[in-house]
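Asker: If you read the protein sequences in the order shown, they are chains A and B.
Counting in this note's numbering, the first sequence runs from 1 upward without gaps.
Counting in this note's numbering, the second sequence runs from 1 upward without gaps.
Cβ atoms here follow ideal geometry from the backbone N, Cα and C, with glycine treated the same way.
Protein chains: 2
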Amino acid sequence: MTTPGAADEPMALAAERLRAAGMRVTAPRMAVLMAVSGSGGHLDADTLRERARRITGRLSLQATYNVLRALTDAGLVRSTQIAGHPARYEAERHDNHHHFVCRACGFLRDVECTVGAAPCIEPRLPEEYDVQEAAVTFWGLCPGCRAAASAS
Amino acid sequence: MTTPGAADEPMALAAERLRAAGMRVTAPRMAVLMAVSGSGGHLDADTLRERARRITGRLSLQATYNVLRALTDAGLVRSTQIAGHPARYEAERHDNHHHFVCRACGFLRDVECTVGAAPCIEPRLPEEYDVQEAAVTFWGLCPGCRAAASAS
DNA sequence: TCCACAGACTTGACCGATTCAAGAAAAAGC
DNA sequence: GCTTTTTCTTGAATCGGTCAAGTCTGTGGA
Chain A
1 MTTPGAADEP
11 MALAAERLRA
21 AGMRVTAPRM
31 AVLMAVSGSG
41 GHLDADTLRE
51 RARRITGRLS
61 LQATYNVLRA
71 LTDAGLVRST
81 QIAGHPARYE
91 AERHDNHHHF
101 VCRACGFLRD
111 VECTVGAAPC
121 IEPRLPEEYD
131 VQEAAVTFWG
141 LCPGCRAAAS
151 AS
Chain B
1 MTTPGAADEP
11 MALAAERLRA
21 AGMRVTAPRM
31 AVLMAVSGSG
41 GHLDADTLRE
51 RARRITGRLS
61 LQATYNVLRA
71 LTDAGLVRST
81 QIAGHPARYE
91 AERHDNHHHF
101 VCRACGFLRD
111 VECTVGAAPC
121 IEPRLPEEYD
131 VQEAAVTFWG
141 LCPGCRAAAS
151 AS
């Protein structure tokens, strides 16, 4: 705390990032962006709404979806959609990392890209295809569920 | 056509496969298995229900889901769930191939595995993780949508 | 500083995919 | 053929997410 307004810094930063992306600066957008950035990532819309609410006071679920879409389109947020789970969001890091998903509990964590640049895998597809991204999802059991499974 | 009952052959084959998997042989199961095997693959539950109906006469959507789950669990069918689309099913080929999905129209097609064995990619994860499968999904534009996009 | 307007938020209805639950029907073993 | 157990049918419910209409609010210009 160097200044009386230190607590506002994250908000000012969020506002700056929105402005830089050419977006209007609104309370819901700042709050959601802070919620996404402030966590370890991988939170669903409803959880983000709750966290953003602590900042703005109130926020509809619909607005949360709107904001998340806008932020995703603007490249500030990355959404990860895993079959059977609600979409989860994290701050965009532009590092093309991948994900591990636990089949038992749904736990999701990052996995460093195994090869390098994006798309980090070359598909064997005709030239006419425009391949923009390769998403790799590893499925298996997290340490906890693995232990539980072998114990039973 | 070598015998009068030649038309029943696919059904007999389906029955045999169900029996081999230790499953009860029922009309819905044979019909759905035939529908999955007989197509190029990648059909959703509702479409499979329609096709199976042509064989059984009637079949509830619920039964279709039950059957598809049973067949998937038995390893006879592979389900592919892509975010934003209903689950699609294809005959299990045990060849660890991957998928390309068109962002514009949802079109899905197989892509040969780029590396080899499954899981064909080694994740950088602690040993305690039990990694069972690596699913690679390529996102982009199919030839048709690519042409449409560049034309506008 | 005030105004006007495009864009964003709230509320509430709606939707598609899938699952749950209860009772009827039908395989498989005896 | 009879019994048991699983599977199928019907109908309701759930869940994540979207659509639509009206109100509110940033933002740029007067």
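Met-23/A and Met-11/A - do their beta-carbons sit closer together than 8 Å?
Answerer: Taking 8 Å as the Cβ cut-off, Met-11/A and Met-23/A do not qualify as a contacting pair.
Asker: Around the Cβ of Val-67/B, are there at least 16 other Cβ atoms within 10 angstroms (buried) or fewer (exposed)?
Answerer: Buried.
Asker: For chain A, check one thing: does any of its Cβ atoms lie closer than 8 Å to the Cβ of Gln-81/B?
Answerer: It does; some Cβ of chain A falls within 8 Å.
Asker: Quick check on DSSP: helix, strand or coil for Arg-88/A?
Answerer: Reduced to three states, the DSSP call for Arg-88/A is strand.
Asker: Give the DSSP-derived three-state secondary structure of Leu-48/A in the structure shown.
Answerer: Helix.
Asker: Three Cβ pairs or more, each shorter than 8 Å: is that satisfied between the region 83-92 of chain B and the region 90-110 of chain A?
Answerer: These segments do not touch.
Asker: Step through the CB atoms of chain B and report whether any lies within less than 8 Å of the CB of Val-32/A.
Answerer: False, the Cβ-Cβ gap to chain B never drops below 8 Å.
Asker: Name, in chain order, the residues that DSSP records as bridge partners for Leu-18/B.
Answerer: Per DSSP, none; premise fails for Leu-18/B.
Asker: Using 8 Å as the threshold, is the region 138-147 of chain B in touch with the region 127-142 of chain A, meaning 3 or more CB pairs across them?
Answerer: With the cut-off at 8 Å, the region 138-147 of chain B and the region 127-142 of chain A touch.
Asker: Beta-carbon of Val-77/B versus every beta-carbon of chain A: anything under 8 Å?
Answerer: Cβ-Cβ to chain A under 8 Å: no for Val-77/B.
Asker: Who are Ala-134/A's beta bridge partners in DSSP?
Answerer: DSSP, once it has assigned bridges, lists Phe-138/B as partnering Ala-134/A.
Asker: How about Pro-123/B: is its C-beta nearer than 8 Å to some C-beta of chain A?
Answerer: For Pro-123/B, the answer is yes, since a Cβ of chain A falls inside 8 Å of its Cβ.
Asker: Please classify Pro-176/A: is it buried, with 16 or more other beta-carbons within 10 angstroms of its beta-carbon, or exposed?
Answerer: Outside the displayed range of chain A (1 to 152) lies residue 176/A, so it cannot be described from this structure.
Asker: Given a threshold of 16 other Cβ atoms within 10 Å of its Cβ, counted over all protein chains shown, does Leu-33/A qualify as buried or as exposed?
Answerer: Result: buried.
Asker: Quick one: is Val-25/A buried, meaning 16 or more other Cβ sit within 10 Å of its Cβ, or exposed?
Answerer: It counts as exposed.
Asker: Return the chain-ordered list of same chain residues with a C-beta closer than 8 Å to the C-beta of Ala-117/B, the five sequence neighbours on each side being excluded.
Answerer: In this predicted model, Ala-117/B has a pLDDT of only 46, less than 50, meaning its place in the structure is not dependable enough to derive any value.
Asker: Beta-carbon of Leu-48/A versus every beta-carbon of chain B: anything under 8 Å?
Answerer: For Leu-48/A, the answer is no, since every Cβ of chain B falls outside 8 Å of its Cβ.
Asker: State buried or exposed for His-85/A, treating a residue as buried only when at least 16 other CB atoms are found within 10 Å of its CB.
Answerer: Exposed, because fewer than 16 other Cβ atoms sit within 10 Å of the Cβ of His-85/A.
Asker: What are the residues of the region 136-147 of chain B that lie near chain A, defined by any Cβ-Cβ distance shorter than 7 Å?
Answerer: Answer set for the region 136-147 of chain B: Val-136, Thr-137, Phe-138, Trp-139, Gly-140, Leu-141, Cys-142, Pro-143, Arg-146.
Asker: How is the alpha helix (DSSP H) around Cys-145/B delimited, first residue to last?
Answerer: Per DSSP, Cys-145/B belongs to the alpha helix (DSSP H) from 143-151.
Asker: So, are the CB atoms of Val-111/B and His-98/B less than 8 Å apart?
Answerer: Going by C-beta atoms, Val-111/B is nearer than 8 Å to His-98/B.
Asker: Identify every run of the beta strand (DSSP E) within the region 57-83 of chain A, keeping only runs that are complete inside it and at least 3 residues long; order them along the chain.
Answerer: The region 57-83 of chain A contains these whole beta strand (DSSP E) runs: 77-80.
Asker: Using a beta-carbon distance below 8 Å, is Ala-118/B in contact with chain A?
Answerer: With a pLDDT of 44 at Ala-118/B, under the threshold of 50, the predicted position of this residue should be treated as unreliable, and no value is reported.
Asker: List the residues of chain A whose Cβ lies closer than 7 Å to the Cβ of Glu-112/B, in chain order.
Answerer: Under the 7 Å cutoff, chain A gives Arg-124.
Asker: Start and end of the alpha helix (DSSP H) containing Arg-29/B?
Answerer: That run of the alpha helix (DSSP H) goes 27-38.
Asker: Under 9 Å, CB to CB, which of the residues in the region 94-110 of chain B have a partner in chain A?
Answerer: Flagged, chain order: His-98, Phe-100, Cys-102, Arg-103, Arg-109.
Asker: Taking only beta-carbon atoms, is Gln-62/A less than 8 Å away from chain B?
Answerer: So no, Gln-62/A is outside the interface.
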